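For reference, the structure discussed in these notes is given below.
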Amino acid sequence: MASSESFNILIAGVGGQGVLTLSRIIGEASLASGLNVLVAETHGLSQRGGAVVVHVRIGDVDSPLVPLGEADLMIGLELLEVIRNIGYMRRGGFIVADRLIIPPSILDVKTPSLDNVIEALRGLDVRLTVIPASEVAEKLGDVRVANVYLLGQAISITKLGSIIGFDGVVKVLRGLPNPELNLKAFKLGYMGGGFEC
Amino acid sequence: MLGNVAVARACLEYGVGLASGYPGTPSSEVVEALAYAASKLGYPYVEWSVNEKVAFEVAYGAAISGVPSVVSMKHVGLNVAADPFFSSAYTGVEASLLVISADDPGMWSSQNEQDNRWYGVHAYIPVVEPAGAQEAREAALEALRLSGEVRHPVLLRLVTRVSHTRAPVTVGALGRPRLRGVFKSNPSRWNLIPAHARRLREELLERWRRIEDLVSRSELNVAEGPRDSQVVVIGVGVGYRYAREALRRLKAQVRLVKVTTPVPLPSKFILGEVEGRDSVLVVEEGDPVFETMIKTLLQEVGLNTRVYGKRSGHLRATGELRLEDVEGAIAQVLGLGYRRPELLEATVKPPPRPPVLCPGCPYRSVFYAVRRAVKRLGLDVVYSGDIGCYSLAVNKPFNAQDTLIEMGGSVGLANGMSHVLGGRVVIATIGDSTFYHAGIPGLINAVYNKAPMMVLVLDNGVTAMTGHQPHPGSGFNAMGGEARRIPVEDVARGVGVDSVYVAEAFNPRDVEAKALSALRDVGEGKISVVIARGPCILMAMSRARAESISRPSYVVDSSRCRGCMVCYKAFNCPAITPSGDGKITINKALCTGCGVCERICPFNAIKPASYIDERWWNLLGLTTSSVGGG
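Line by line, the protein sequences give chains A and B. Everything in the first sequence is counted per this note's numbering, starting at 3 for the first residue and increasing by one. Everything in the second sequence is counted per this note's numbering, starting at 21 for the first residue and increasing by one.
This is the structure:
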């Protein structure tokens, strides 16, 4: 990417889904590509099953937070959290999200249906890809690799692919615990497949 | 590298000999990283102290004995440590004393938004405030050097977006630590009796002027951009980062001043940058501390440069800085047009998703059981709450945190309530770490001044919310070494509580029975303490993994389930959801195998799906007799 460019990513999900891990993978891969990167994490109280959002900014950036209306890409590990953070999206930006709704664990709240949420997202000026990431991940043996499955898809269809590169991510994944499973999920995500496995 | 880790790195590079702290978001990783380093290197000495006041004194004691030391805490922790903090400015130190305070603007994990730079102003302790992770390393090093040079404590003010932002950081070589010190007796310096303190105050003001001169020449304060612009933007700490990017986006040719040492005001440096300009915009995280100080300075020297910032309403006085807000403020001062993008809005609104007690959290079982005991006795109780994971019981269905103020406040407030509520029972709920931190004096007070109450100590063996740091009840210390365990029940009995019960947290029947007895004791005018003990489920699960102990998962026998919804509505485990046919289902991915739902199901409809390893129950602190349905 040119020295004056930047790429803003928002990763949204629920505490425990691997939001932080995913942000670190992207951060490491950016560093390995010699790019400046800022990863603003959420810790503490916000992690106990609550909403989690991490801001990742790559390139010519100083501020740790993505400005509202300027995310180029949102990786959504859960769809209600995608909706919650929709104000961060740039018009025409990419959303790559799991086809998943986790109802909040509190009593007396009404959770919108999967169809309603997807329909609402489709009505917006964004490029939306909703794929059954956790379903595939579960079939692969660990629901927690849904995050790298989504990353694979994001790498394949957005500019992130040319920024941090497929191989760059592969190198980072090799350093994780359980690299085989992570690599498998990432590659399946990249191809956008695996529903049949 | 995380900003907090960059600070820890700087401490090692400088050669710090001692580090102490009390965990609190967003500060915890500083001491965690140092403790990790100590476990590998064999130095420095690192501890999690019982609270911030003691942590401060630990580092202070080492620093007056000639060992460079650091103490780390979250912003509100400095309130607890304020007493020695103020005194340390009077005595000064013999070797560096770096006080690290991580503020939490936006209150991501805190009860308030206090700006601890005021403490620097108030106590005559200089404040260094880095803009990002790389700067955090440099600022910490510079603060340690300054502290050593002037022999005066220095406060390093971090904020969430510096502490918890990962960024590339270039580091230097590790320094040689100074681990052994010498205490030189000098009563006229170390004894703050009024006669000495009066003289020391004169010396302090003298030293303050010297520090002001030093920070005015600090290389950490720099300026960039045209020297002749009529507007100057001053970015303090992380404010500089927002201002820099905002100016770039606006393509504005404006002088930008980066301030890393806001307190005391680096007057000469600032005057050099501000004199002759029309106006100044101050971008700072937190309160308008710097903005206020500049205004005072300008008044003193008779300049009428306009100063804008939070007091003028150009920036919001609440919450974190945001790039778009800073951009708007700069555009406003420059008279540029600035339009925010129209934000996308979805027609569907997401329901709130507050953090909740984890599936398998022992505290869920405890709150379920205590509420049953309260109901059985027909009591109308007040739950005086506290700070920790159990704070999450503020939500339905538990509603078991009527107050939630500060560390240790549960027991303290319960004292006052007990005296004035005319016999209405007060239950103070407090976690183990918080009990050691600041709960004990309140308990002693209750015994001494006869304030009947039930104190419910939720004991999961660690400081869980902030990342499982050890405390005096854990049996191990920050560096992973074995430590003497100080059980809560010994403390309670030791301070004169006659009615002490220890219950198995994962066994609701046990908790309920003991809570019943304890509540009856309170009715007789006693102070009772119930310790509900069971490990944090996250710790138990990782131990089970490490020791190859298999965990059970639970299933619902739908022929037995009558849809009473006790497990869903009263117990409210996130792994349990209504199945649509009026019954319930258990989410296998979320179920931790704690087995409490089996124990509370009135119809024996919940059963383990597999053979259960006896060692799993031992891990959860359950005796065999307590396991089983019913």
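Here a beta-carbon is modelled for each residue, glycine too, at the ideal position from N, C-alpha and C. Note that the structure is predicted; figures quoted are calculated from it, not measured.
Inset, instruction - Specify the secondary structure class of L364 of chain B as computed by DSSP and reduced to three states. - result: coil
Legend entry - Integer-rounded CB distance, given that L463 of chain B should sit under 8 Å from V475 of chain B: 6 Å
Legend entry - Top-ranked residue by Cα proximity to A625 of chain B, from B:L610, B:A58, B:I596: B:I596
Legend entry - chain B contact residues for L70 of chain A, given Cβ-Cβ distances below 8 Å: R342, E344, R360, P361, L363
Inset, instruction - Evaluate S630 of chain B with the Cβ neighbour count: other Cβ atoms within 10 Å of its Cβ, from every protein chain shown; 16 or more gives buried, anything less gives exposed. - result: exposed
Legend entry - Proximity test, Cβ basis, 9 Å: W68 of chain B and chain A: no
Inset, instruction - Could you tell me which uninterrupted beta strand (DSSP E) segments, each at least 3 residues in length, are contained entirely in the segment 411–438 of chain B, listed from first to last along the chain? - result: none
Inset, instruction - Name the two residues that bound the continuous alpha helix (DSSP H) containing P214 of chain B. - result: 214–236
Inset, instruction - Have a look at P472 of chain B and I604 of chain B and give me their C-alpha separation to the nearest angstrom. - result: 41 Å
Legend entry - Same chain, Cβ closer than 8 Å to A187 of chain B, neighbours up to 5 away in sequence not counted: M21, G23, G152, A153, Q154
Legend entry - Pairwise C-alpha distance: D633 of chain B and A102 of chain B: 50 Å
Inset, instruction - Taking only the alpha-carbon atoms, compute the straight-line gap between G15 of chain A and P105 of chain A and give it to the nearest angstrom. - result: 12 Å
Legend entry - Cα-Cα separation, V279 of chain B to E7 of chain A: 27 Å
Legend entry - 6 Å Cβ shell around V128 of chain A - same chain, five flanking residues per side excluded: M91, G95, I97
Legend entry - Residues of the segment 129–144 of chain B with Cβ closer than 7 Å to any Cβ of chain A, in chain order: S129
Legend entry - Contact with chain A by T449 of chain B, beta-carbon distance below 9 Å: no
Legend entry - Counted within 10 angstroms of its Cβ, other Cβ atoms place M193 of chain A as buried (16 or more) or exposed: exposed
Inset, instruction - Using a Cβ-Cβ cut-off of less than 9 Å, give me the residues of the segment 179–202 of chain B that come near chain C, in sequence order. - result: This model lacks chain C altogether; the protein chains it does include are A and B.
Inset, instruction - Decide yes or no for the touch test of the segment 494–507 of chain B against the segment 66–73 of chain B: beta carbon pairs closer than 8 Å, at least 3 of them. - result: yes
Inset, instruction - Check whether the Cβ of L88 of chain A lies closer than 9 Å to any Cβ atom in chain B. - result: It should be noted that the sequence gives Ile, not Leu, for residue 88 of chain A. It does: the Cβ of I88 of chain A has a partner Cβ on chain B nearer than 9 Å.
Legend entry - Range covered by the alpha helix (DSSP H) that runs through G168 of chain B: 153–170
Inset, instruction - Could you have a look at D577 of chain B and say whether DSSP puts it in helix, strand or coil? - result: coil
Inset, instruction - Report the residue from B:G615, B:R342, B:V508 whose alpha carbon sits nearest the alpha carbon of F526 of chain B. - result: B:G615
Inset, instruction - Anything in the segment 367–395 of chain B with a Cβ closer than 9 Å to a Cβ of chain A? List those residues in chain order, please. - result: T367, V368, K369, P370, P371, P372, R373, P374, P375, V376, L377, C378, P379, C381
Inset, instruction - Determine the DSSP secondary structure at R582 of chain B, reduced to helix, strand or coil. - result: coil
Legend entry - A187 of chain A versus A139 of chain A: straight-line alpha-carbon distance, rounded: 7 Å
Legend entry - Amino acids of chain B, ordered along the chain, whose beta-carbon sits closer than 8 Å to that of L185 of chain A: Per Cβ cutoff of 8 Å: no residues; L185 of chain A is ~22 Å from chain B at best.
Legend entry - Per-residue contacts from R261 of chain B into chain A (C-beta, under 8 Å): D64, S65, P66
Legend entry - Beta-carbon proximity list for G405 of chain B, same chain, < 6 Å, skipping 5 on both sides: Q421, T423, L424, S430, T449
Legend entry - Near-chain B residues of the segment 92–119 of chain A (beta-carbon distance less than 8 Å), N- to C-terminal order: R92, R93, P105, P106, S107, I108, L109, D110, V111, K112, T113, P114, N118, V119
Legend entry - C-beta contact flag for N136 of chain B and L98 of chain B at 9 Å: yes
Inset, instruction - Give the DSSP-derived three-state secondary structure of P461 of chain B in the structure shown. - result: helix
Inset, instruction - Report the partner residues of E304 of chain B according to the DSSP bridge assignment. - result: Per DSSP, none; premise fails for E304 of chain B.
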